[in-house]
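S.K.: Following this message is one structure expressed as structure tokens.
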């Protein structure tokens, strides 16, 4: 019913990863969510995390993941564990009938993700991955643009990059360079966002062919530290992306349609929390002597009352609330996660096969 | 000698292409150049062109290219003819001891360009191609940035795109879709700039491998209308580019180093004549919760007293003046042209061979 106040969705957090700090704050700020518990393998670590992240005094602190999962007063679990642990814990979360908000990459490969998605489906719980930028109000405005046949036309190409330069400590010890933890490395961590942006721009149409580009860098354990890839669709659309742990912090997207171009340099983390922009270039041409543009592309500024990660928690909680009232879980989110993972798998396979094209 | 006033270089223009209007104005505006003659195969066309483009009253009008080349009062020739005619006329220009400013692409392939470059060398004349953006003062500021080991570090990747959406009339009749005129099509016309920007960013280091990406579009005569490619260097650098006659007007460059990122959306034709900018992203990171950037990337605005095509004419004329005073022609320019052409050739070969990698 319109205007009905939803009972806040009670979140438990499993694992005290750095990213969980940001999501804890988002749960606190979301109008329909509440921090109810945190679990770590160490009670002390969980307790310190709760204190440092403004958990309410009534929040429960658990020294084991299982204990949190057995708590009947938890509706939903946020799971920021290393990727290799996802399948085990996500399935348990679902079996305990708790809704699942899980960090990306969602799995080591699509087959493992299918186990997770099936567990969620069989247990009637909502699944969503932790890709925040798609929930930014800016992204909805970008969608208005790229779906406009007059302003943007048909998508022809998109390039996306996400890189950040890691220090030797990260490159030796971070979970994202460990084959037993986040085996997809930079592809899973940074490439995930690039692939998601490409899928977003195509309205989630899977490409036909994926080809890793020359020069991927792997560590001695075979974890990808840097790579690029191209994706190709039957109708001629071409996408390229680049992700790396060795290059300066960059998160650019350029999507070009037959009639318009979308561009932004901060697609994953907006430059500012409360305001984000993108460049719309449509129906621009040149002056008579081709020495300047008329008109110049325009910047669209979208103000956001709440940060994008809060939008994510709010949307997830809204869906959970609907399920609690009898609706089916929204299948869009696991479908999008799976498509993203499928493309990561294909890039990895292409690299493993010496840069051969891989059919999706 | 410092402060010496150079006698203006006397330009003749061979062919009344659209682009010659812009360059005529640039010659008029350059302090060390003067419009002395124009030649067309039609005397009437040449006469109309001279009138429409503010040629001085004393400028000579020729109804044949040969007549202009025989004029002893011409120092330099600007040659905007279709690419397939370059080798014939450029060699004649050089043999007549006239310096040569020639439109891009410089030839149908590097072998043809070598004939041109050899003719220029043997006759002691200056060669320069008509790539204007490299002469923009902004480009010098961009060079300061990308060559700074602290602000930019080592280049890791660059993506460049240049596209514009052509109407059916262009796609049927423009010289750039005709195999006997500009056989390289979009690759030669638009891809030239992308490749040049990639070479610029690498300080003109040739890649080891060039690979055309899936989905090139060719017309029935085999002329490329749209394509993408990746370039790879032994040290792991990766470049990608996209050029097309089917996609909205876009001219973006993103170059990412180990410590900095350069970005601009108008690298070929600046949005405005007298002012141009680029984004420098260096030493940016995030706030504590990774919800915003600190600091945000900065925009560098470079004001230009004269437009970039005038800078080009001025620099070319300066070099011609030096040669007239006894210096050797500056070899940098034909070297850069040849490298650009070599990569275009490799992309074309890769497409012709079914997207096989091509070693440079």
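Protein chains in written order, with the UniProt record's numbering: chain A, 1 to 360; chain B, 1 to 360. The beta-carbon is built from N, C-alpha and C at its ideal position, and this holds for glycine as well. All values reported here derive from a predicted model rather than from experimental measurement.
Are there any heavy atoms of the ligand MG lying less than 7 Å away from the beta-carbon of residue 52 (chain A), as far as the coordinates show?
M.R.: As far as ligands go, the structure on display features none, and thus does not contain the ligand MG.
S.K.: Please state the DSSP three-state secondary structure of residue 350 (chain B).
M.R.: helix
S.K.: Taking C-beta pairs closer than 8 Å, name the residues in chain A that residue 273 (chain B) reaches, listed in chain order.
M.R.: Within 8 Å Cβ-Cβ: 291, 292.
S.K.: Output the boundary residues of the alpha helix (DSSP H) element that contains residue 139 (chain A).
M.R.: 137–146
S.K.: At 3 residues or longer, what runs of the beta strand (DSSP E) sit wholly inside the UniProt domain "GFO/IDH/MocA-like oxidoreductase" (150–262) of chain B?
M.R.: 155–163, 209–212, 224–232, 238–244, 250–257
S.K.: If distances are taken between C-alpha atoms only, which option among A:346, A:244, A:72, A:87 comes closest to residue 191 (chain A)?
M.R.: A:244
S.K.: Would residue 68 (chain A) and residue 92 (chain A) be called neighbours here (beta carbons separated by less than 8 Å)?
M.R.: no
S.K.: Would you verify that the beta carbon of residue 266 (chain B) is, or is not, closer than 8 Å to some beta carbon of chain A?
M.R.: yes
S.K.: Could you tell me which chain B residues have their CB closer than 7 Å to the CB of residue 156 (chain A), listed as they occur along the chain?
M.R.: 244, 246, 247
S.K.: Using three-state DSSP, classify residue 45 (chain B) as helix, strand or coil.
M.R.: helix
S.K.: Suppose the cutoff is 8 Å on Cβ atoms and the five residues either side in sequence are ignored; what does the same chain contact list for residue 219 (chain A) look like?
M.R.: Excluding sequence neighbours, residue 219 (chain A) sits near 171, 177, 185, 225.
S.K.: Give the DSSP-derived three-state secondary structure of residue 266 (chain A) in the structure shown.
M.R.: strand
S.K.: Less than 8 Å separating the beta-carbons of residue 256 (chain A) and residue 160 (chain B)?
M.R.: no
S.K.: From what residue to what residue does the alpha helix (DSSP H) around residue 28 (chain A) run?
M.R.: 19–29
S.K.: Using 8 Å as the limit for Cβ to Cβ distance, is residue 187 (chain A) near chain B?
M.R.: no
S.K.: Taking only beta-carbon positions, decide if residue 297 (chain A) is within less than 8 Å of chain B.
M.R.: yes
S.K.: Taking the DSSP output, what are the residues bridged to residue 39 (chain A)?
M.R.: Under DSSP, residue 39 (chain A) shares a beta bridge with A:14, A:62.
S.K.: Here's the rule I'm using: 16 or more other beta-carbon atoms within 10 Å means buried, otherwise exposed. How should residue 339 (chain A) be labelled?
M.R.: Here residue 339 (chain A) is buried. Its C-beta has 16 or more other C-beta atoms within 10 Å.
S.K.: If you measure beta-carbon to beta-carbon, which residues of the segment 199–221 of chain A are closer than 8 Å to chain B?
M.R.: Here the close residues are 209, 211, 213, 214, 215, 217.
S.K.: Check residue 319 (chain A) in the structure and name its three-state DSSP category.
M.R.: helix
S.K.: How is residue 132 (chain A) classed by DSSP in three states: helix, strand or coil?
M.R.: coil
S.K.: Quick one: what's residue 359 (chain B) bridged to in DSSP?
M.R.: B:209
S.K.: So, helix, strand or coil for residue 90 (chain B), using DSSP?
M.R.: helix
S.K.: Answer with buried or exposed for residue 111 (chain B), where buried requires no fewer than 16 other C-beta atoms within 10 angstroms of its C-beta.
M.R.: Label assigned to residue 111 (chain B): exposed.
S.K.: Give me the chain B residues within the contact set of residue 238 (chain A), using Cβ-Cβ distance strictly less than 8 Å, ordered along the chain.
M.R.: 213, 214, 215, 228, 242
S.K.: Counting only Cβ pairs nearer than 8 Å, list the residues of chain B close to residue 191 (chain A).
M.R.: Those within 8 Å of residue 191 (chain A) in chain B number zero; the least Cβ separation is about 13 Å.
S.K.: Which whole-angstrom value describes the C-beta separation of residue 355 (chain B) and residue 165 (chain B), a residue pair presumed to lie in contact below a C-beta threshold of 8 Å?
M.R.: Incorrect: roughly 25 Å between the Cβ atoms, too far for contact.
S.K.: Should residue 358 (chain B) be labelled buried (16 or more other beta-carbon atoms within 10 Å of its own) or exposed?
M.R.: buried
S.K.: Quick one: give me the first and last residue of the alpha helix (DSSP H) that residue 115 (chain B) is part of.
M.R.: 110–122
S.K.: If you run the structure through DSSP and keep just helix, strand and coil, what is residue 299 (chain A)?
M.R.: strand
S.K.: Which class does residue 33 (chain A) belong to by DSSP, given the choice of helix, strand or coil?
M.R.: strand
S.K.: Residue 432 (chain A) to residue 288 (chain B), Cα distance in whole Å?
M.R.: As shown, chain A starts at 1 and ends at 360. That puts residue 432 (chain A) outside it, with no answer to give.
S.K.: Apply the 10 Å Cβ neighbour rule to residue 188 (chain B) and answer buried if 16 or more other Cβ atoms are within range, or exposed otherwise.
M.R.: buried
S.K.: Quick one: what's residue 279 (chain B) bridged to in DSSP?
M.R.: B:263, B:299
S.K.: When you compare the CB positions of residue 221 (chain B) and residue 347 (chain B), do they come within less than 8 Å of one another, or not?
M.R.: No; because the gap between Cβ atoms is not below 8 Å, this pair is not in contact.
S.K.: Report the rounded CA-to-CA distance for residue 145 (chain A) versus residue 75 (chain B), giving the unit in angstroms.
M.R.: 52 Å
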